[in-house]
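If you're matching positions, the sequence shown starts at 3 in my numbering and goes up one per residue. To start, the structure under review is shown below, and the notes come after it.
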Amino acid sequence: MTMNFLLFLSLFLFILAIYFYSQEKFSIWHTLSFIILTLITISLNLFYQIADYFTGIGINDAVMYHIQVGLTGAGFSEYQGLIIVAGAAIVFVFICLWWAIYTSYHNVVYKKATSYLAVFFILAALFSSPATINLLELYDFFMSSDKVLAENKSDLLFNNFASFYQEPAIQKVGQTKNLVFIYAESLEDTYSDEKVFPDLTPGLNELKNKSIFFSNLQQSFGADFTIAGMVASQCGIPLVSPSHGNSMSGVDRYLPAAICLGDLLKKEGYFLSYYGGADLSFAGKGSFFKDHGFVDVNGVQELLPKIPDKSYRTDWGLYDDSTFELVYNHFLELSQTKDNFALFTLTLDTHHPNGHPSASCKDIIYKDGKNPMLNAVKCSDYLITNFVNKILSSPYADNTVVVVASDHIAMRNTASEILAKQKRQNRLMIISPNLDKPHEVKRLGSTLDTGSTILPFIGYNGLIGLSRNLLDEKQSDKEIELIQKNVYFWQNDINQFWFFPKITGPVQIDITAQEMIVGDRKFKIPVLVELDKNLQTTPRFQFNLIGDWDLVSQASRIDHNSSFLLVDICSEVNRLDSSVDGDGWCLLGSKNKRFSTVTIKDDYILSVDDIKKMTGL
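Take a look at the structure:
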């Protein structure tokens, strides 16, 4: 049975339950029980639908870990349809409930058989829900994983992250080359399957004849959205964070303990530049690049003044034709002025759910043009291919390696029904002037392996973290597979790369700068800071006010025995401590749901003793 059939079955059983409930008179306790079961059932089905809208496979581990409800900086216009449908569904459920309760209340005859049928159908609706099945599968996965961990405590496969993590280091082995790296937004290699999407990406398929391209590149855990794909490909680790990965713009240093490709190339004398059409502050992309060797970092705010029409943009940022023109001019400039450089860019036109084709693609559509995302992919194929060919035709082609890579597999979009039936693969193409023979690499790999794999093409050998060189014949296939399968279990180890501070002295809350200052580290407020008994901090930041990544919701999920400090606007803090009122900022300390709250009017300084008192430590 498909999940869509189960969803239909669950909704049909729900309607039957409502009908039979309306046919008899229930006691108030039976009524409350029925309402609770109904709300749980409908909430689960709605949760499934929203999750499936983005993942295409319902509720999976990525949904549970990241809770990616979708308004990821895109502006509400992108998801008006989803919001309207969800709102209409909620209204429909309450109308059905009101009708059933009203009708039942006016019944005078108790029908035992009917009451049993009402209960049976609502329970059947609950347990046939695809959300229930997904959650049970995840529960079984997590429980079996815990069992495996318990049974393999001495096995390095599970217990020793350090056995697989290679301290990043590179060695020069040949003539160095410049690097141009294109992150193609959601442009997975599946789009280039001619059997599925004939003539959708003719340009990129033609470029495969000039490149080494990888056809078995999986999406690993913690690499399923843009900044996560960037971290995985450059640092050789998945993006793991205390709160949602897209919220980590709140930290002052981005993975400061990680050594990434940019750090290594900077040490070798490379000039590193990033040109991306999106906002640098979103998801902390700007911080990531600046903290890992890039000295020339540009987003929409920096690039918009350089284009003629300042209104020519989307909610996400610049159109790709504008970005590529700026990047190519910058490539020419760097080629003339720098001995060695690495230039990275990110496309935006193929962003879910509909894509945003550039104006230069007005005559480029796919087939009948009815699928907006496939039109955007067709446009992106044209723009990327044109950009790459300009580099290959330039006087600097012999000294330049070009990489085209998808940042992650496509999220829910207007082509998802087709994509979901295919074997999904990320894209990685390496076009090098010293390439002996273009060919396909079918070896299993993931986004994690990108950094180590491209190093030899620019004159270096080395390994970066969990990244492995997929072209190294001495590299164990088993090791690559084990890393992919078990990276999920190393989250605690990977979290250490954030190198969050320990409180050893006064903590300052700077209202003017909207920062919490802990030693030499700064966290943007609002912020939720979890504390252990040694005052080691773990900051959490909010991501979207829709969904449950606001700080109060995150605080409610912290173990009752744990301590935390919350700095947020007072109206939000009021949701935890109802005694709080007024405007402005509030500081709340908590342990075992015992709250101590202070209203902050001006800059505020907490001593270590103040913190211990507020948090029960």
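Note that CB positions come from ideal geometry on N, CA and C, so glycine has one too.
When the five nearest sequence neighbours on each side are left out, the beta carbons in the same chain lying within less than 6 Å of the beta carbon of Leu241 are those of Gly224, Ala230, Val233, Gly247, in order along the chain.
Here Trp318 has Ala280, Leu350, His353 as same chain residues with Cβ atoms under 6 Å from its own Cβ, once five neighbours each way along the sequence are excluded.
CA-to-CA, the gap between Asp311 and Ile261 works out to about 39 Å.
8 Å or more divides the Cβ of Ile124 from the Cβ of Ala285.
The beta-bridge partner set that DSSP reports for Lys504 consists of Gln538. About 5 Å separates the Cβ atoms of Gly591 and Leu567, confirming a contact at the 8 Å cut-off.
For Glu196, there is no enclosing beta strand (DSSP E), as DSSP marks it with neither H nor E. Where Phe163 is concerned, there is no enclosing beta strand (DSSP E), because DSSP gives it neither an H nor an E.
Following the DSSP letters along the chain, one finds Ala259 in no beta strand (DSSP E), marked with neither H nor E.
Apart from sequence neighbours up to five positions away, the residues of its chain that approach Glu190 with a beta-carbon distance below 7 Å are Ser408, Ile411, Ala412, Arg426, Gln427, Asn428, Arg429, ordered along the chain. When DSSP reads this structure, Thr599 sits in a beta bridge with Leu590. Membership of Val554 in any beta strand (DSSP E) is not indicated; the residue belongs instead to the alpha helix (DSSP H) covering 553 to 558. Taking the Cα of Ser251 as reference, the smallest distance to any Cα among Asp552, Lys526, Asn136 is reached at Lys526.
Secondary structure at Asp298: strand, using DSSP grouped into helix, strand and coil. Taking the C-beta atoms as reference points, Arg542 is found nearer than 8 Å to Leu530.
With a cutoff of 8 Å on beta-carbon distance, Asn342 and Gly271 are scored as near each other. Comparing C-alpha distances from Ser222 to each of Ile239, Phe216, Leu206 shows the shortest one belongs to Ile239. Looking at the DSSP output, Tyr462 bridges to Lys174. Residue environment: Leu138 is assigned as exposed (fewer than 16 neighbouring CB atoms within 10 Å of its CB, all protein chains considered). Residue burial annotation: Ile482 is buried, with at least 16 other C-beta atoms found within 10 angstroms of its C-beta. For Asp365, the closest alpha carbon among the candidates Ala378, Tyr314, Leu11 is that of Ala378. CA-CA distance, Gly357 to Glu208, rounds to 23 Å.
Here the alpha carbon of Ile92 sits roughly 17 Å from the alpha carbon of Leu15. Close CB contacts of Asn218 within its chain, under the 7 Å cut and outside five residues either way in sequence, are with Gln427, Lys444, Arg445, Leu446, Gly447 (chain order). Selection Phe183, Ser213, Lys268, Pro258 evaluated against Ser235 yields Phe183 as nearest (Cα-Cα). It is roughly 14 Å from the alpha-carbon of Ser565 to the alpha-carbon of Asp611. Rounded to the nearest whole angstrom, the C-alpha separation of Arg255 and Asp293 is 7 Å.
Under the DSSP assignment, Met518 falls in the beta strand (DSSP E) whose first and last residues are 517 to 520. Excluding five sequence positions before and after Ala361, none of the CB atoms of its chain fall closer than 6 Å to its own CB.
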